[in-house]
Structure formats: structure tokens, C-alpha cells
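Participant:
Residue numbers (my numbering), protein chains in the order written: chain A, 1 to 593; chain B, 594 to 1186.
1) How is residue 969/B classed by DSSP in three states: helix, strand or coil?
2) Measure from the C-beta of residue 86/A to each C-beta in chain B and report whether the shortest distance is under 8 Å.
3) Look at the Cβ atom of residue 249/A, then the Cβ atom of residue 275/A, and state whether they are nearer than 8 Å.
4) Which chain A residues sit within Cβ distance under 8 Å of residue 1039/B?
5) Please list the terminal residues of the continuous beta strand (DSSP E) segment that includes residue 395/A.
6) Using the C-alpha atoms, what's the distance from residue 1093/B back to residue 914/B?
7) Verify the CB distance criterion: does residue 200/A have a CB-CB separation below 8 Å to chain B?
8) Determine the closest residue to residue 931/B out of 919/B, 734/B and 600/B, with distance taken between C-alpha atoms.
9) Quick one, which residues of the stretch 140-166 of chain A are near chain B if we go by CB-CB under 9 Å, in chain order?
10) Note down, in chain order, all residues in the stretch 457-472 of chain A with a beta-carbon under 7 Å from any beta-carbon belonging to chain B.
11) Say whether the stretch 400-410 of chain A touches the stretch 431-442 of chain A, bearing in mind that this needs 3 or more beta-carbon pairs closer than 8 Å, one atom from each stretch.
12) Is DSSP giving residue 546/A helix, strand or coil here?
13) With a CB to CB cut of under 7 Å and the five nearest residues on each side skipped, what residues in its chain are close to residue 174/A?
14) Straight-line CA distance for residue 886/B to residue 761/B?
15) By how many angstroms is the C-alpha of residue 241/A removed from the C-alpha of residue 217/A?
16) Throw me the rounded Cβ distance for the residue 52/A and residue 202/A pair, which I believe falls under 8 Å.
17) Taking buried to mean at least 16 other C-beta atoms within 10 Å of its own C-beta, is residue 878/B buried or exposed?
18) I need the boundaries of the beta strand (DSSP E) containing residue 499/A, first residue and last residue.
19) Residue 550/A touches chain B at which residues, Cβ-Cβ below 7 Å?
20) For chain A, find out if any of its Cβ atoms is closer than 8 Å to the Cβ of residue 717/B; answer yes or no.
21) Quick one: which chain B residues come within Cβ less than 9 Å of residue 454/A?
22) Whole angstroms is fine: what's the gap from residue 639/B's alpha carbon to residue 657/B's?
23) Along chain A, in chain order, which residues have C-beta atoms closer than 8 Å to that of residue 1121/B?
24) Assuming residue 521/A and residue 531/A make a contact with CB atoms under 8 Å, what is their CB distance in whole Å?
25) With a 10 Å radius around its C-beta and 16 neighbouring C-beta atoms as the bar for buried, classify residue 1022/B as buried or exposed.
26) Three or more beta-carbon pairs under 8 Å between the stretch 344-361 of chain A and the stretch 382-393 of chain A, yes or no?
27) Using a Cβ-Cβ cut-off of less than 8 Å, list which residues of the stretch 1107-1132 of chain B approach chain A; keep chain order.
28) Are the beta-carbon atoms of residue 631/B and residue 698/B separated by less than 8 Å?
29) Who pairs with residue 958/B in a beta bridge, going by DSSP?
30) Between which two residues does the beta strand (DSSP E) carrying residue 205/A extend?
31) Less than 8 Å separating the beta-carbons of residue 143/A and residue 110/A?
32) Leaving out five residues before and five after residue 1126/B in sequence, what residues of the same chain have Cβ atoms less than 6 Å from its Cβ?
33) Of the choices 474/A, 43/A and 566/A, whose alpha-carbon is the least far from that of residue 156/A?
34) What does the alpha-carbon distance come out to for the pair residue 131/A and residue 108/A?
35) Between the alpha carbons of residue 844/B and residue 858/B, how many angstroms are there, rounded?
36) On a Cα-Cα basis, can you pick out the residue from 377/A, 381/A and 384/A that is closest to residue 396/A?
Spelled out as C-alpha cells, the structure:
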């Protein structure tokens, strides 16, 4: 009898391979934040569409591990009579295996989808991990989407600011300095940066799925599907040897004998460790040196960010002027603007900008209580009207030819109640406290995180997400390695770093508030750095308790709004300009009047 | 020929034992911050008296490793023709060994004086570490001071708040929960807490040098010199087996066969690891569980801290009133008060308090440029007059029967210039920012450190020490594990924790400013904690730029000074009371007037 469900198919496969269990992670070989449909085995198996999770299939049970964010969603998407739901972090799969399976149970896994620490934890669970030697899903996944084959384009020198050849020589020097023979790179944005290319395998993630091997001389072999290169001028990658992705692990093994191969300690597939060790080579676990080179932007990249933020700011102002005019009118007419309509209109305004490519992430367009969910995305089922009685939160950004933007504004269209005003003011004060903070060179994000939370803490409140993340240069919206969060992050914030600053406050089933600017880190007093804003969008001050702002805070807001007005007024639509002037009027002049 | 210098004696000893090198750390078996003269082999060998350092003696060279604080001092104290000076952290001794000695060089060390991480680093340097089986210095150190033999006294239940028997049962439960058979304790303050005793082996460190072994039933063996117990009522330690300290390592070995022995990962001598492993036991590296039990003070201990701070506050006020009266008078008379005279006078005022025992650390009494050195101690050679034209910094505290105090005030006796006023105001604002901060339960010190630095950072300035440390209960002035500093500290600040808050600013060869209060962590809004002051001493506001203070800051200062005035006015001398009233007058009333 042919198995008719994915679960049945996997169990049949397990039987033919003599497995007691099979791990099915939501992961690709690049540990991408966004998974291509081809790689989303977890969704195929379970129906779960969240961005993190892991299934363990056994002969008579099936378990799905998801984190705290997804405990509600998973109940809607997954047949919980078939899949037992467990907590990904509180009860890790390896702990479950240690406690419930007999020692020596044969657990199959794909070594290209698992990183070393996960493998070590699996070994420590006393099972017998069985590395599957090829992707076993091809055989059993009917109608599996094809592997993505997005076209790769060049990032020309006038936008990247440094030639790929020079970057490769910098990497080669780093390998020589570290006495490492080879560096194997699997992180798509590191490869894109190194080769000055961009990809299109996954929407809004403009990086190519591929692998790369570079040696101490800078000699580089790029393992990439040749079809993706059809529209790339070969001159753009002159001197780089091209090989098919399937050849990558084997080539690492060929090269590794007697050599030292650097692998990223957090992101390299354990398949590479197996290849190096089987060949008699030595693994040097470290952070991929490209991660840090990429994180410190050069002057051309920085100018690109600034230019793309001027474009994005103009699109925002056109959108906000339209919203402020239309929300009350449409509500009064009994045909209120909805989240989805606003989101679509905003996309149109962005598309009017010549350098706009695509959104940089799925827009959060959230009215009223929908904004209480930090990661809400509107759908026809959840679509709410935007009204004068509630906050409307918009978190969106664009990929532009020369940069990537990410900003959030929380807007109002009429007077709101005292708690909403107080909480909005606290979020604003936290935002201002951090964006105005100078700090010694070398300061790390976790040292600064509390600064943005203090006004909320003083009310006995907090928010349950990070305060800021890196943003790639026409690249990933969440770029590593720096973060501003409670959790320790060892990477310093240095001039040339690009971060967001985005405190918020969320009252379950009531409302959500977030104010986010993207910033660059620039030099300040000797030995000090500070943030300089990239985002140029008026901040809604209509709900601020002005009496709670300090003089310093008012000065910053007035200076910021003056910068926004002067920069954007030549760029915005004629009918948005009057709104821009009103929205950026001096707070101190108003207060004194 | 008899060797005539310590260095010569050690080289002769090395020859008889076939050693290529010998490590001489500034350490005792308890990794104490303050070393007894008996244990200060490094001072005997080199003349260096700093609180951290390490010598490596070779046949033809001798190296002394000291950290950044001591690079100047070492030049004065040590014959640098004999000892090459190296940097303790930038060029660790193990790195030096790896780079300069032949692999397999036999390096002698005392395993009671070395912790495991130091031993691992030594092994990684490719030398052959040779554990010396007994203290080899006894034979060669002529006139070696005797081992300290300070009397041990009981800390009665009405002061400790929990019986030793109950504490030992809590430890036993923790061992059962962790599936550990034995806990070996070498930290003197953990033993003092567990047994409700105090010691006197080192001045101002009221803890006994001893060792302790406790098992899952709470059965306890205390390895302590019996002479120290002469004045201790045996009932105070009923049920505890007493053995000589020399029996400790052997007993651990006896007990360890087939058992799990918990050792403190950071502080246990590697001698214990050797003993456990040689006996076929298993080491469980962890933090000594007593460290954390001790860190969360019980209500009786907390009330003791508060009471001792009232006593100490009264002594401070009497002292400050005297200073404010006498400094201008004596300067005018051409016979200014000096640092040493002030320090002695302050001790007299403390000695008038019935519960005062001794200073809790060496007083820092620093006038003018002497205060620019954070860890300055006055001597007849450095003693400076206290004058109207300069700041005077006093950092001091007392051991009281029921608690330990630590506070700093920076004082002035006449108008100072604008930079001094600005910097004093910045330090005060940093102090206020942190002491008024509520924070979510579980917050760690490194998350809060920047809050106290921000006003300095805004001036492009900073200070190069931690912002706060734990304080023991009639115990060590620097108590682990929590700290507020830039460096990551994983231990949360929780209700019952005792900390200092002590930002400062130091301008080399000019002046130093520090304001320090001791605080307890108390509950705040649900899920939140905050600091509550223990220290009750007026803060000098005469040099504050009042216009730079926020309303919130003025409110805190007024409330604080009201609390100081109301609490202390019944306790201070008659002639100090008028000064107390003036020094605690409301800032807002003054400002409005």
C-alpha cells in the first residue's frame, strides 16, 4: 500500500533505512531566516508555517517543537491529533530523546541542515545519529517545489565601494594571519558581499543560495547553479572558478587533507566538519571573517544607505499625507481604509521611486489590537479598518538599488485616551534616550539596551523583543552580527555599523506601539561613537504628553524634524508638502505659543 | 655557597627538583583578595606589593607579570635589572612560556595556589607542569611570617537570621538535587556564612582561612586550625567534625572514589581536581551553591545592614561637620588638616559607635590630585593638605556587629572652577540615574552599567572601574557574585542583593570625584525590582550646577536628604546637628527662593 500522507511517506523511508526516528528541521543549508518553499520540509510534513521549528518522526509518534511565539499559531495550522506539540527551547528535542528513547536509537538527520552545536547536542542525547547521505525527501515529496533558481546580478563598484578582488585579498590576508588554509562559506549574504553580487532565490532576501571556498592566495571557487548566472556579465566574477553546488562538500573533503579549514562555529553545516575530518583535515571553528568585514560599511555603502533613505522617506511622507487626509474622510463616509489597502497604497508610493526594487520584508500594517502582536501580518481574515480612535502601526521598508530601509511609525488620526498617550510617550522617550546616546568605542549592544527601556521600566512595563538589529546593504533586513538586546552580544558597535533602534510597547488584545529609525554609527568625541539617523520620516507627536519631554528631547525632535523637512520637501509630491511642513513644525515654538 | 637572595634560593630549589622554571603567584589557597604576609611569596621574592601578579623564575631569567594598574608602582618597588616586567593580561605567562620555552620544559607550581583554568592554560602552553607536593617555600624563606591564626567568633542567630544547621540542610538539598555527593568549599566567606562564624586571619577581612567538606546528608567536616577555635563556644558548631587543614586534600581523595565532588569552577585549587581524579571520582565544575545562597540576604541580615548604616551615617555626619568647620579655619591658620589627620579623626568618630568593630577596608582619604588615583592610600610621603580650593574624596566604611558599610563622598569647602563643577554634576547625575532605576527581575549588572555613565559619556568622558559591587554581611567588602560593570556578569540583581553604586571621574594629576552609596535591591512594581539606599550621608550639593538637574533628580535628592536628616538627627553629636540640617536642606525650596 502506498503511503498517502507525508508522515506515512517518511515512516516508510525510515523503515527502508533502518531508522527509529527522523529529524525534520525548518532549515536550509544556509541557515536562512527565510526558507524557500523547496526547503520547507517542515511545512510540507506538518502544515506549520512559522519561521522556526523542528519535527521528530518516530514509528508510532510524531512530535513538533515550536517556540513561544508560535504556540497559538501551531494549534491552527497543525493536526494535533497527529503531531504532539512541544516547546522548542524549554524542552529541546535532544532532551526529549535522552529522556524517552532507548540509548542507541537510530535517529536520521541531514548533515547539510544541521549545525555543529545541534549535532553535538544530538550526540549527547545518547542516541545514534545517522547522517543521511543525500536529500531523502526528493524521493517521497510529491509535487515538491523546485529549488529556487533566482537570477544573480552584479553589485557594481560604484555601489559596493570595493572590488570583489580586493575583498578576496582581504580575506586571504585574514586566513594567512590566522594560519588557516581554507575558508568554507555557506552564508548567502557573506558570499554576496564577497563577490559583489545579489541574488533572488527568496523574495525580499536578495542573496543567492550558493557555497564558496577561498584559500590563502584568495583563489576562489563558487559553487552555484550556472542557470542563475545567465544574466551576469562574466567580467563581474573574473578569476572566480564556477562549480555546481553539489560539488561543494566533496571539494572541501578533497582540499582538506592535512590542511586547516575555517568553518563558522554557528552556521556551518556539520556536513563540512564530517568532510574535513574524514579527509584528515583540521576544523578551525570561528566566526566567518567575512561577517565582520561586511558589518563595517565603507563610505560608498554608507552614502548609498543615506540616498535610499531619502527616497524611502519621500515615499513615506507621500503615504502619511495620504493617510492623514483619507483616514478621517473615509471613516466618516462609512468606508474606512483598511490595513491591506494602506499597505498596498504604501507600496505604490514606494514604486514611484526610481531606485526602489521590492519591499525589504513583509510589511506590518496593523490597526488597533492587531498591533499588539509584534510580528502581525495582515490578511483578508484579519484585515481591520484604520480609524480615528486607535493607533495604526506601520513597520516596513524597501530594497533600493543602493541600500535597504526599515522603519516603524505608530500613527493616530484623532485624540486617544490617557494610557495610550502615556505609553506612546514612554516609547518615544526610550527611542530618544538611545538615539541621542554617545558611547565609548567598542561598546556592545547589550550594554545600551536598558537605555531604551527605562521610561517603560519606570511605569513597570517592558517589551519582549530586541531593541535593534543590523541591516544589510541592499541585503538582508536582519544582518548579523551586532544586536542591541538584553541578551549578550559580543560584537562592538563601531563607526560604519548600521543598526535599527526600535523600542515598543504591546498591550495584549488592545494596542501596539513601536517607533523605529535606522541609524549609522559615526564618530563622536575622541574615543566615542554615536548614532546618526538614516531614517527620515516625521514622528507623530500628536499623542505625546509634551510636559513629560525634557528640553534636550524637544531639541532633538525639532532638529530631526527640521532635517526631515529640509531634506524631503524637494522630493515629495506637491500635495504632501503642506502636510510635511505641519508634521515637522517646531515643538518648542508650538509649546511656547 | 649558600644563596643569599630569595631568587637565588628558589633557583637552588629548582635545581634540586629538576625544574626549568617555577611559578610564584600572589595567591593563597582561598584565592583571597587580600593576602596574609605568610602567603605573599611574590612580595618576598620580588618586593612587589600590589594585589595581583605572578612571577616566573627560570635558571637565567626572572619575569614578573603585573596588570595595567601596577605598571608604575612596580618600577618603584622591584629591581628591574633582576626582574623583567611583563603585562599580566596582554601577555599572559602561559603565552610567554609557549613562545619562549622549549616544549616539555618542566615548570613547577603549587596546586593549592592555582585554579583549574590557570592549570589548563599552563598545559596548553606545551610545557610539562610539575605539581609540587608540599609548600617548598617553608624550607627557603627565612623569617617567613607565621600562618595567620586569627580567633574565630560566632555570628549568633539573632544577627545571622538562619541557623548553621538549617543552612547546611539547604546545601545538602542542593547537592541531592544536583546529584552531587560532596561539595568541597575553599572560599572563606562561604564557610563563614555556612557555619555562622567570623574570622580574623587578615585585617578587615573577617573570615577564617579554612576548608570544608559537606555531603548530601549535610554531614560537615571543617578543616581549621584548632587554635583559632579557642574562644568559640563549641555549641555554636555542634555536629560539625573538626579536622586540621592539612588533612583536607587527603580527605577529599578518600571520599571521592566512585563519587561526584562539586568544585567551584573559578576558585577551587586544582589540587582538589587532582585528588578527586586520582581517587577515581568525578569532578562537577560549578559555582559553589553557597555563593548564591549567601548573596540573597535574609530579613535579619537586611535589618542588620540598615542598622549599621544608621550608625555609620551618624559617624560620617559628625566627621563631615567637623571637617566643614575645621578645614577653612585650619587652612586660614596656616595649619591645614591633612589626609591622614582626617582619616584618623574619622576613625575616632566611628569608634564612638557601640557596634563598630574595625574599618571594612583601607580608607581612601585623598585631597586634590591624589584622588585622581582611584585606589590611592595616603602615607606620610603622599599626605596632602585638605584645602578650600580642591575636592577632598573620602571612600571608607566600617565593620559593625550586624553589617558592613562602604560609601564615598567628594567634598568641597569653597567655590571650585567650572570644569570641576561640571564633572561633579555629571557624576552625581550618573549616580542618580542608576539609584532611581527600576528594572525587571532578573536583570544583570552589565545591563545597567551604562545608565550611570551616560552623563559622563555626553561630555566625552568615562571612568575606568566598575560601577558597583556586592558587599558581605559583616564580611568581605567585595562580595561575589554580582557586579555592575561593563564586563558581562551572569548573576541577576534580585531582592535581597546588596550592591554599591559608585560612578566617578578622574582627571590625571588634577582631581578625582566619586559618589558611592550602598543599596539593597527591593521589590518594585510586579515583576520589577529597584534599589533602596542603605547609606545615609548627605551628598555635597555646593558644587552642583543646579540648572542641569531635572525635577525628578531634585525630588530624589530632597527626599533622600529628608530621610538622612530624620534618621540621623537623633543619633549625631549636638554640635553636628546644625550642620546636618543645613547640609540636608531642600534643594527645591532653595531653588525657588
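Just so it is clear, CB atoms sit at the ideal spot from N, CA and C, and this is done for glycine as well.
Just so we're clear, the structure is a prediction, and the values are computed from it rather than from any experiment.
Facilitator: Looking at the atomic coordinates:
1) Here residue 969/B corresponds to residue number 376 of the second chain, with the count starting at 1. Looking at residue 969/B - three-state DSSP - the assignment turns out to be coil, as it is neither helix nor strand.
2) For the purposes of this step, residue 86/A is identified with residue 86 of the first chain, where counting begins at 1. Taking Cβ atoms only, chain B never reaches closer than 8 Å to residue 86/A, which makes this a no.
3) Residue 249/A sits at position 249 when you count from the first residue of the first chain. Residue 275/A sits at position 275 when you count from the first residue of the first chain. Cβ atoms of residue 249/A and residue 275/A: closer than 8 Å.
4) Here residue 1039/B is taken as the residue at index 446 of the second chain, counted from 1. Near residue 1039/B (Cβ distances below 8 Å), the residues of chain A are 446, 447 and 488.
5) Working through the first chain from its first residue, we reach residue 395/A at position 395. Taken as a continuous stretch (DSSP letters only), the beta strand (DSSP E) holding residue 395/A covers 392-396.
6) Taking the first residue of the second chain as 1, we reach residue 914/B at position 321. Taking the first residue of the second chain as 1, we reach residue 1093/B at position 500. Each residue's Cα considered, the two are about 24 Å apart.
7) The count along the first chain starts at 1 and reaches residue 200/A at position 200. So no, residue 200/A is outside the interface.
8) Position 338 of the second chain holds residue 931/B. Checked all of 919/B, 734/B and 600/B; the closest Cα to residue 931/B is 919/B.
9) none
10) 457, 458, 460 and 462
11) no
12) Numbered from 1 along the first chain, position 546 holds the residue referred to as residue 546/A. Residue 546/A falls in the helix class under three-state DSSP.
13) The residue given as residue 174/A occupies position 174 in the first chain. For residue 174/A, where only same-chain residues beyond five positions count, the Cβ hits under 7 Å are 289.
14) Looking up residue 886/B in the second chain gives position 293. Looking up residue 761/B in the second chain gives position 168. Taking the straight line from one Cα to the other gives about 11 Å.
15) For the purposes of this step, residue 217/A is taken as the residue at position 217 of the first chain. For the purposes of this step, residue 241/A is taken as the residue at position 241 of the first chain. If you take the alpha carbons of residue 217/A and residue 241/A, they lie about 14 Å apart.
16) Along the first chain, one-based indexing puts residue 52/A at 52. Along the first chain, one-based indexing puts residue 202/A at 202. The pair is not a contact, with the Cβ atoms about 16 Å apart (cut-off 8 Å).
17) In the second chain, the residue the question calls residue 878/B occupies position 285. So residue 878/B counts as exposed.
18) Counted from its first residue, the first chain places residue 499/A at position 499. 498-501 is the span of the beta strand (DSSP E), which, as asked, contains residue 499/A.
19) Position 550 of the first chain, counting from 1, holds the residue named residue 550/A. By Cβ distance, chain B contributes 1143.
20) Position 124 of the second chain, counted from the first residue, corresponds to residue 717/B. Taking Cβ atoms only, chain A never reaches closer than 8 Å to residue 717/B, which makes this a no.
21) In the first chain, residue 454/A corresponds to position 454, counting from 1. Within chain B, the residues whose beta carbon sits less than 9 Å from that of residue 454/A are 1026, 1030, 1031, 1032 and 1044, listed in sequence order.
22) Numbered from 1 along the second chain, position 46 holds the residue referred to as residue 639/B. Numbered from 1 along the second chain, position 64 holds the residue referred to as residue 657/B. One C-alpha to the other measures close to 8 Å.
23) Residue 1121/B sits at position 528 when you count from the first residue of the second chain. Within 8 Å Cβ-Cβ: 457 and 460.
24) Within the first chain, the letter at position 521 stands for residue 521/A. Within the first chain, the letter at position 531 stands for residue 531/A. Contact between residue 521/A and residue 531/A holds, with the beta-carbon distance rounding to 6 Å and staying under 8 Å.
25) For this step, residue 1022/B is matched to residue 429 along the second chain. Residue 1022/B should be labelled buried.
26) no
27) So the list reads 1117, 1118, 1119, 1120 and 1121, given in the order they occur along the chain.
28) Working through the second chain from its first residue, we reach residue 631/B at position 38. Working through the second chain from its first residue, we reach residue 698/B at position 105. Contact: no.
29) Counted from its first residue, the second chain places residue 958/B at position 365. For residue 958/B, which the question treats as bridged, DSSP gives the partners 987/B.
30) For this step, residue 205/A is matched to residue 205 along the first chain. For residue 205/A, no beta strand (DSSP E) segment is defined, and its DSSP state is neither H nor E.
31) Working through the first chain from its first residue, we reach residue 143/A at position 143. Working through the first chain from its first residue, we reach residue 110/A at position 110. Not in contact: residue 143/A and residue 110/A (Cβ atoms no closer than 8 Å).
32) The count along the second chain starts at 1 and reaches residue 1126/B at position 533. For residue 1126/B, where only same-chain residues beyond five positions count, the Cβ hits under 6 Å are 1110 and 1112.
33) Translated into the one-based positions of the first chain, residue 156/A becomes position 156. Nearest option by C-alpha distance: 474/A.
34) As a working note, residue 131/A is residue 131 in the first chain. As a working note, residue 108/A is residue 108 in the first chain. Approximately 6 Å, taken between the alpha carbons.
35) Within the second chain, residue 844/B is the residue found at index 251, counting from 1. Within the second chain, residue 858/B is the residue found at index 265, counting from 1. Looking at the two C-alpha atoms, the distance is approximately 20 Å.
36) For the purposes of this step, residue 396/A is taken as residue 396 along the first chain, with counting starting at 1. Closest by alpha carbon: 377/A.
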